[in-house]
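Presented below is the structure to which this report refers.
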Amino acid sequence: MKTIRDPVHNLIQFSEKDESIILRLIDTPEFQRLHHIRQLGLSFLTYPGATHTRFSHSLGVTHLMRRFLDQLSTRAREQDEQDLKAALKDGRMLALAGALLHDVGHGPFSHALEQVTQIRHERLSRAIITGPTRIREYLEAWASGFSEEVADLIGRTHANRAVVKLLSSQLDVDRLDYLLRDALMSGARYGALDLEWLIHTLRMGEVDNPDGTKSTEVGLDLNKGLSLAEDFMMARFYMYNHVYLHKTTRAAELMVRHVLLRAYELTIDGEKLLPPALAELIVHRDAPEEVIEAYLTLTDATLWSHFFAWQEHPDPVLSYLSRGLIGRKLYKSVPYPEHLSPATIYELQVEAAKVGERLGLQLPAKYALFFDDESSMAYKDPYILGSSRMRHRTFKGVPARQSHEVLTPERPASQPEITQGEDEATEAVYLFDREGKAVELSEASNLIQFLRGKALRLRRLYVPEALRDWLKGRLENMA
């Protein structure tokens with residue numbers, strides 16, 4: 031038995047006999063790379079303890095997957111649950127491998143890099159799992175075609191829907207581990223949950239879909255788990271509000287995106303500044319599978335080493351942003367009223383550049399003021415954040431290129447946005463009564479119904495600290 035100490039789950043154990051494939055996968059260079067990818071990206075600039083990695087999170091998800099499988103298999107005693115029990119038994123090793131590898135495609139700074147490259151980490155995970163890697167070698171040695179099955183599970187397209195929902199739903203092992211782990215390591219504590227009772231009240235059942243079909247969903251016992259389900263959703267709400275979307279963390283993420291944008295602009299002009307692996311990935315963004323070997327060399331340290339070097343670069347934008355990141359001299363946030371139009375925001379960017387120039391800052395408009403709201407964030411949690419998106423609006427009175435830069439300055443106009451797909455996690459949280467009938471959480475809880483009606487909305491403008499008072503005054507005059 032291989033035993034690993036973990037701050038969240040205490041002991042994580044793997045059988046060297048029955049789970050040898052999991053131990054072999056852990057030892058692959060592709061998975062070991064996750065030691066060098068922080069789970070919360072730049073959140074350590076806000077919460078110094080939040081330096082935990084995708085590696086420890088992935089181990090935790092695998093541990094929870096085993097516990098979920100054991101609990102649900104034990105409970106599936108009735109005749110009408112035998113199909114579910116068989117699906118869980120047949121898919122056990124698939125579920126464990128998928129849980130372990132679900133984040134293997136993540137790059138530096140987590141979701142911030144996705145908005146630079148416009149490549150979802152799930153696609154990169156598939157490329158790693160099915161490409162010329164040690165991971166694929168070990169998966170295929172376990173069973174022919176197993177690498178494709180694991181990739182399909184992570185992509186939410188596998189035929190074993192019970193296992194898919196355990197890994198990706200509104201109540202899945204991934205969300206549960208990252209809430210517990212992020213709360214503990216950040217010190218925020220908003221994500222504290224009664225894990226043992228949650229597992230005790232865990233259920234799976236059939237849910238009627240609007241089109242007349244049925245789907246397998248994971249949920250909690252209606253009588254025993256209602257309060258816990260409320261706690262789970264409130265924990266997510268508070269973690270988004272206070273940790274994931276914290277104004278300081280968002281400032282750092284926006285600065286990273288813009289410093290990489292500036293480096294890319296200078297690279298286009300002939301100066302090779304980007305890390306070679308990142309440059310290759312951007313060039314091959316339509317076929318990242320072709321450069322997966324180079325991508326696997328990208329870690330947090332890769333980009334930080336470039337930020338250190340860029341502090342002394344002669345380009346004033348590149349050096350200013352790099353010094354800000356290294357010295358934690360981050361842009362400051364100013365809330366803005368909802369009625370501000372994109373055209374007005376663009377005008378503010380132009381003004382900010384002029385005011386900054388008088389103060390000695392050499393920042394073009396799109397680097398002098400950043401725009402941030404829920405539409406520009408990589409986090410996709412429609413249950414908590416809502417699903418509104420602004421990226422496909424056409425804005426009158428704003429030059430096409432500038433309109434694009436106001437909202438998503440890092441995305442070339444020809445590239446698709448990152449959106450919820452049809453195979454994304456179910457947007458419902460289910461509770462099952464004694465007869466197995468499903469009730470959606472917001473129908474059973476007035477608290478959650480109210481919460482969903484107040485989906486989190488964050489609207490901020492970011493400027494260098496020297497421009498904050500000017501921006502506050504400018505917005506007050508516009509009120």
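Each number in my numbering corresponds to the 1-based position in the sequence shown with 30 added. Each residue gets a CB set at the ideal place from its N, CA and C atoms; glycine is no exception. Keep in mind that this is a model prediction, so the values were computed, not measured.
Identity of the residue in 197, 104 and 74 nearest residue 131 by Cα: On the sequence shown, residue 131 is found 101 positions in, with the first residue counted as 1. Checking every option, the nearest Cα to that of residue 131 belongs to 197.
Residues near residue 344 in its chain [Cβ-Cβ closer than 8 Å; skip 5 each side]: Start at 1 with the first residue of the sequence shown, and residue 344 comes out as number 314. Correct list: empty, nothing qualifies.
Three-way DSSP call (helix, strand, coil) for residue 249 in this model: Against the sequence shown, residue 249 aligns to sequence position 219. Three-state DSSP puts residue 249 in a strand.
Beta-carbon proximity of residue 149 to residue 315, cut-off 8 Å: Taking the first residue of the sequence shown as position 1, residue 149 is located at position 119. Taking the first residue of the sequence shown as position 1, residue 315 is located at position 285. Yes, they are a contact pair.
CB of residue 82 within 8 Å of CB of residue 285, strictly: Numbered from 1 along the sequence shown, position 52 holds the residue referred to as residue 82. Numbered from 1 along the sequence shown, position 255 holds the residue referred to as residue 285. It is not a contact, given that the beta carbons lie outside the stated cut-off.
For residue 154, the first and last residue of its enclosing alpha helix (DSSP H): The sequence position of residue 154 within the sequence shown is 124, counting from 1. Residue 154 -> alpha helix (DSSP H) spans 151-160.
Through-space distance from residue 271 to residue 220, alpha-carbon basis: The count along the sequence shown starts at 1 and reaches residue 220 at position 190. The count along the sequence shown starts at 1 and reaches residue 271 at position 241. The straight-line gap from Cα to Cα measures roughly 10 Å.
Of the residues 467, 246 and 281, the one placed nearest residue 190, counting alpha carbons only: Taking the first residue of the sequence shown as position 1, residue 190 is located at position 160. The shortest C-alpha separation from residue 190 is found at 246.
Inter-residue CB distance, residue 501 and residue 382 (contact presumed, cutoff 8 Å): Here the question's residue 501 lines up with position 471 in the sequence shown. Here the question's residue 382 lines up with position 352 in the sequence shown. Rounded, the Cβ-Cβ distance is 7 Å, consistent with contact.
Complete alpha helix (DSSP H) runs within the segment 157-237 (minimum length 4 residues, chain order): 164-172, 176-184, 191-197, 203-216 and 225-230
Residue range of the alpha helix (DSSP H) that includes residue 43: By 1-based counting over the sequence shown, the position of residue 43 is 13. Careful: residue 43 lies outside any alpha helix (DSSP H), inside the beta strand (DSSP E) at 40-44.
Contact belief for residue 282 with residue 72 at Cβ below 8 Å, rounded distance in angstroms: If you number the sequence shown from 1, residue 282 lands on position 252. If you number the sequence shown from 1, residue 72 lands on position 42. Residue 282 to residue 72, Cβ: 4 Å. Contact.
Which of helix, strand or coil DSSP assigns to residue 528: Since the first and last residues shown for the chain are 31 and 509, residue 528 lies out of range.
Burial state of residue 114 (16 or more Cβ within 10 Å): Numbered from its first residue, the sequence shown carries residue 114 at position 84. Classification of residue 114: buried, given that the 10 Å Cβ count is 16 or more.
Coil, strand or helix - residue 501 by DSSP: Start at 1 with the first residue of the sequence shown, and residue 501 comes out as number 471. Helix, per DSSP.
Reduced DSSP secondary structure (H/G/I, E/B, other) of residue 463: For the purposes of this step, residue 463 is taken as residue 433 along the sequence shown, with counting starting at 1. Correct three-state label for residue 463: coil.
Which listed residue (99, 273 and 327) has its alpha carbon closest to that of residue 66: On the sequence shown, position 36 is the one that residue 66 refers to. Taking only the C-alpha atoms, the option nearest residue 66 is 327.
Cβ contact (3+ pairs, closer than 8 Å) linking the segment 126-141 and the segment 51-63: yes
Alpha-carbon spacing of residue 260 relative to residue 470, whole angstroms: Position 230 of the sequence shown, counted from the first residue, corresponds to residue 260. Position 440 of the sequence shown, counted from the first residue, corresponds to residue 470. One C-alpha to the other measures close to 12 Å.
Continuous beta strand (DSSP E) assignments of at least 3 residues falling wholly in the segment 278-310: none
DSSP state of residue 419 mapped onto helix, strand, coil: Translated into the one-based positions of the sequence shown, residue 419 becomes position 389. At residue 419 the pLDDT is 39, less than 50, meaning the model places this residue with poor confidence; the figure from the coordinates comes in the next sentence. Note: residue 419 maps to coil in three-state DSSP.
Meets three-Cβ-pair contact criterion under 8 Å: the segment 304-323 and the segment 348-367: no
Segment contact, 8 Å Cβ cut-off, at least three pairs: the segment 176-194 with the segment 116-127: yes
Residue from 176, 235 and 178 whose Cα sits closest to the Cα of residue 460: Indexing the sequence shown from 1 puts residue 460 at position 430. That would be 235, whose Cα lies nearest to the Cα of residue 460.
Cα-Cα separation, residue 14 to residue 229: With the chain covering 31 to 509 only, the question about residue 14 has no answer from this structure.
Three CB pairs or more closer than 8 Å across the segment 325-340 and the segment 292-309: yes
Residue burial classification, residue 209 (beta-carbon count within 10 angstroms, cutoff 16): Your numbering for residue 209 matches position 179 in the sequence shown. Classification for residue 209: buried.
Residues bridged to residue 372 [DSSP beta-bridge criterion]: Along the sequence shown, read from residue 1 onward, the residue named residue 372 stands at position 342. Residue 372 pairs with nothing; no bridge assigned.
Residue 77 and residue 300 closer than 8 Å at C-beta: Within the sequence shown, residue 77 is the residue found at index 47, counting from 1. Within the sequence shown, residue 300 is the residue found at index 270, counting from 1. Cβ atoms of residue 77 and residue 300: not closer than 8 Å.
Residue 54 (DSSP reduced to helix, strand or coil): The residue labelled residue 54 in the question sits at position 24 within the sequence shown. Residue 54 falls in the helix class under three-state DSSP.
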